[in-house]
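Residue numbers (the UniProt record's numbering), protein chains in the order written: chain C, 1 to 273; chain E, 1 to 317.
Following: one structure in structure tokens, then a few remarks.
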Amino acid sequence: MTRSTSQRILSTALMALITVSVSFPLAWMVIAGFKGKTEVLRSPFQFFPDMWRWDNYTTILKDPQFMRAMGVTFVGALIFTVLSLTVNTLAAYAFARLEFTGKRFWWVYCLTPMFVPGMAILLTSFMVVSKLGMLDTMAVLIIPGVASSGQMFFIRQFYLGFPMAVEEAALVDGASRWQIFVKVFLPQSASSFVVMGIASYLAYWNAYVWPVLTITDPNLTQIMQFLGTFRSDRGNDWGLLMAGSTLASLPTIALLLIFQRFIVNGVRISGIK
Amino acid sequence: MTVLESGIATAAKPAADGLAERRVAGHRRDNRTAYLMIAPMVILLTIFVIWPLVYSVYLSTFKISFYEEPEFVGLQFYQYVLESPRFWSSIWVGLYYALLTVPTGIVIGLLLASFIKMLSKRAAAFMKTTIYLPAVVSTVVASVLFVFMYQDEGVINWLLSLLNYAPVNWLNDPSFALPAIAVPGIWLGFGITTLILLAGLLDIPEGYYESAQLDGAGFFQRLFHITIPLLRNVLLYLLVTGFTLAIQLFDLPLIMTGGGPVDATMTPNLFIFTSFRDLTPYATSFSLTASLMLFLVLGAISLVIFRLVNSDKAIDG
């Protein structure tokens, strides 16, 4: 009895300790957003602000460049997520469920990009998109990353696990492959779509280097590009920068909290064993 | 990623082969449908990955400058890269960073996963989400946040002062800069490591631990004789992916230090990235070649690690 009680106290204390240390940097970012210019990096050190003021948050929310960056990035991320799920799921279904001439070759062809490090093709990809006249458009941010070998592979593994019987019954009934794909496979893909969709969304939202290389138009500036160049553009206004970083992290943290069950279990699906 | 996926690929192979046999037996081929379905993927990958890769290899055999026509030089630039001290020093920086982050991440992950495994379902769900929190934060946000925390009057030096240490000029001191970058690196990555290890731990049958306990095995005996051998594949996967990701790191130092002080945080990819933008003649050819060389060096080192860990057949789970 006493042992289990003390054990419970110990594990609760440990949970609190882990939670505090893991989330401390984020908490510190939020707190710094509430500090005035003079107290944010003051000597002697001050943990909490004298007065909790919303100034930084309201200032950054009224900043047209910040808001535009948030909006443009959000729209781009949505389009990117939908497109990449569509392209990769179609290919995944074909590789998992159809027989066709040259299947093995195209399978290796579509999987090879997984082993190509981004840096080895960064410069030549840039040359390609500039030849195609895509610089400074939404397309350059969205299209090049849409096809993803990793995502296609993940969804294919998922489809391989579907029982054959379902498909055979539908084929006997005279359904076409497209009908089977849309009516049988898609409705059952929700959980893997959530996991993959969030991964796509995060990849787009958090992208930095590619936007910096390809976007110079201030109307298309992406949110991480805005934050990454904030200090060189506007000097060391740490309170404002931390407020902006907090707001820019909210959409991704909200996604995690809403879909936590899927994401945390997704690690299990993507299976290591 | 590579090991995980090849692991899955072999596991899935019998299923795929069985599938093929049945289809052939039914004389059913769906060429039209299949090609329509894979076409978007094949076309996009060809334009944005395969062609740039082929073009990279092709260009690396030319001398490119803004002032003259490209001139074919064969493998000359490969030799230049191999003889470049800055390339090698960046490889060492990358290895040092991997050494700082990968083992630490795995040890933290293993400790946390063992702890979460003991918790009730609800508490475990809460902890899993908490631990995953940093993983959704962008590298840019983590970079500016830690630069802020590392300031002279920042919170980390304040914590040091509580322990009676003198403040450190973290990002401007060559011996502290890389470890200072490793901290956000670990913070961003340990959540996924923990969840993967937890999934592995949950697959170990409870009976092993129970009988070990009956035999009087202590915590460390159980750890070294049950947990680690049975997690061998998971650990191998984490080592190899962690290593390849760590050595490719470049956005943290790009924002936090720009590679300095005195190249102390100049990782291989950052070195390549900065020389892409370098306007001195032939810098483009040089960095292009360096990126392809790194691709090769990386593959070779991954292979060695894989062989090393894999050679110990005695502990095959």
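Glycine is no exception: its CB is placed at the ideal position from the N, C-alpha and C atoms.
Bear in mind the structure is a predicted one, so any value in this text is a computation, not a measurement.
Could you check if residue i is buried or exposed, using at least 16 other CB atoms within 10 Å of its CB as the buried criterion?
{"i": "C:M164", "result": "exposed"}
{"i": "C:S149", "result": "buried"}
{"i": "E:M256", "result": "buried"}
{"i": "E:L111", "result": "exposed"}
{"i": "C:Q151", "result": "buried"}
{"i": "C:N219", "result": "exposed"}
{"i": "E:Q221", "result": "exposed"}
{"i": "C:K35", "result": "buried"}
{"i": "C:V108", "result": "exposed"}
{"i": "C:T5", "result": "exposed"}
{"i": "C:V87", "result": "buried"}
{"i": "E:D251", "result": "buried"}
{"i": "E:L159", "result": "exposed"}
{"i": "E:T82", "result": "First, the residue type needs correcting, since residue 82 of chain E is Leu and not Thr in the sequence shown. Counting Cβ neighbours within 10 Å, E:L82 comes out exposed, since fewer than 16 surround it."}
{"i": "C:V20", "result": "exposed"}
{"i": "E:K128", "result": "buried"}
{"i": "C:P144", "result": "buried"}
{"i": "C:R97", "result": "buried"}
{"i": "E:L198", "result": "buried"}
{"i": "E:N31", "result": "exposed"}
{"i": "C:Q157", "result": "buried"}
Between residue i and residue j, what straight-line distance do the alpha-carbon atoms span, to the nearest angstrom?
{"i": "C:E99", "j": "E:T227", "result": "42 Å"}
{"i": "C:A170", "j": "C:P187", "result": "15 Å"}
{"i": "E:Y165", "j": "C:P44", "result": "15 Å"}
{"i": "C:T38", "j": "C:N56", "result": "13 Å"}
{"i": "C:N265", "j": "E:F126", "result": "13 Å"}
{"i": "E:I50", "j": "E:L44", "result": "9 Å"}
{"i": "E:G26", "j": "C:E168", "result": "Legend: pLDDT at E:G26 = 44, less than 50; position of this residue unreliable, no value from coordinates given."}
{"i": "E:A98", "j": "E:G154", "result": "26 Å"}
{"i": "E:I131", "j": "E:K121", "result": "15 Å"}
{"i": "E:R277", "j": "E:A180", "result": "26 Å"}
{"i": "E:I247", "j": "E:W187", "result": "17 Å"}
{"i": "C:V72", "j": "C:F66", "result": "10 Å"}
{"i": "C:P113", "j": "E:E210", "result": "45 Å"}
{"i": "E:D316", "j": "E:L231", "result": "Residue confidence for E:D316 is low, a pLDDT of 39 falling below 50, so the modelled location carries little weight and cannot support an answer."}
{"i": "C:I253", "j": "C:Y204", "result": "15 Å"}
{"i": "C:L123", "j": "E:Y237", "result": "30 Å"}
{"i": "C:R53", "j": "E:M118", "result": "42 Å"}
{"i": "E:E21", "j": "C:V195", "result": "At E:E21, the pLDDT of 44 sits below 50, so the modelled position is not reliable and the matter cannot be decided from this model."}
{"i": "C:L255", "j": "C:F162", "result": "28 Å"}
{"i": "E:Q79", "j": "E:F87", "result": "12 Å"}
{"i": "C:G133", "j": "C:V184", "result": "40 Å"}
{"i": "C:L85", "j": "E:W170", "result": "42 Å"}
{"i": "C:S176", "j": "E:P184", "result": "51 Å"}
Given a cut-off of 8 Å on the beta-carbon distance, is the pair residue i and residue j in contact?
{"i": "E:T274", "j": "E:G259", "result": "yes"}
{"i": "E:L254", "j": "E:L270", "result": "yes"}
{"i": "C:I155", "j": "C:T89", "result": "yes"}
{"i": "C:I223", "j": "C:A32", "result": "no"}
{"i": "C:D136", "j": "C:D233", "result": "no"}
{"i": "C:T81", "j": "C:Y208", "result": "no"}
{"i": "E:L149", "j": "C:P25", "result": "The sequence shown places Met at residue 149 of chain E, rather than the Leu named in the question. Cβ atoms of E:M149 and C:P25: closer than 8 Å."}
{"i": "E:P60", "j": "C:M119", "result": "As written in the sequence, residue 60 of chain E is Ser, which differs from the Pro given in the question. Contact: no."}
{"i": "E:I38", "j": "C:W106", "result": "yes"}
{"i": "E:G94", "j": "E:P268", "result": "yes"}
{"i": "C:G244", "j": "C:F262", "result": "no"}
{"i": "E:I64", "j": "E:Y282", "result": "yes"}
{"i": "E:F62", "j": "E:E68", "result": "no"}
Could you name the residues of chain A that residue i contacts, counting a contact when the two beta carbons are closer than 9 Å?
{"i": "C:P117", "result": "Protein chains in the displayed structure are C and E, and chain A is not among them."}
Quick test of your reading: residue i and residue j, contact by CB under 8 Å. State the CB separation rounded to the nearest angstrom.
{"i": "E:L145", "j": "E:T265", "result": "Not quite, the Cβ-Cβ distance comes to about 17 Å (not below 8 Å), so this is no contact."}
{"i": "E:S56", "j": "C:I215", "result": "At roughly 23 Å, the Cβ-Cβ gap does not stay under 8 Å, so E:S56 and C:I215 are not in contact."}
Classify residue i as helix, strand or coil using the three-state DSSP reduction.
{"i": "C:F162", "result": "coil"}
{"i": "E:F276", "result": "helix"}
{"i": "E:E68", "result": "coil"}
{"i": "E:F62", "result": "strand"}
{"i": "E:A25", "result": "Note that E:A25 has pLDDT 40, beneath the 50 cutoff, so the model's placement of it is unreliable and no number is given."}
{"i": "E:P268", "result": "helix"}
{"i": "residue 305 of chain C", "result": "Residue 305 of chain C lies beyond the range of chain C shown here (1 to 273); nothing can be said about it."}
{"i": "C:T137", "result": "coil"}
{"i": "C:R261", "result": "helix"}
{"i": "C:M51", "result": "coil"}
{"i": "C:K37", "result": "coil"}
{"i": "E:N169", "result": "coil"}
{"i": "C:E99", "result": "coil"}
{"i": "E:S84", "result": "coil"}
{"i": "E:F250", "result": "coil"}
{"i": "E:V141", "result": "helix"}
Regarding residue i and the ligand ADP, is the C-beta to nearest heavy atom distance less than 7 Å?
{"i": "E:I255", "result": "No copy of the ligand ADP appears in this structure; indeed no ligand is present at all."}
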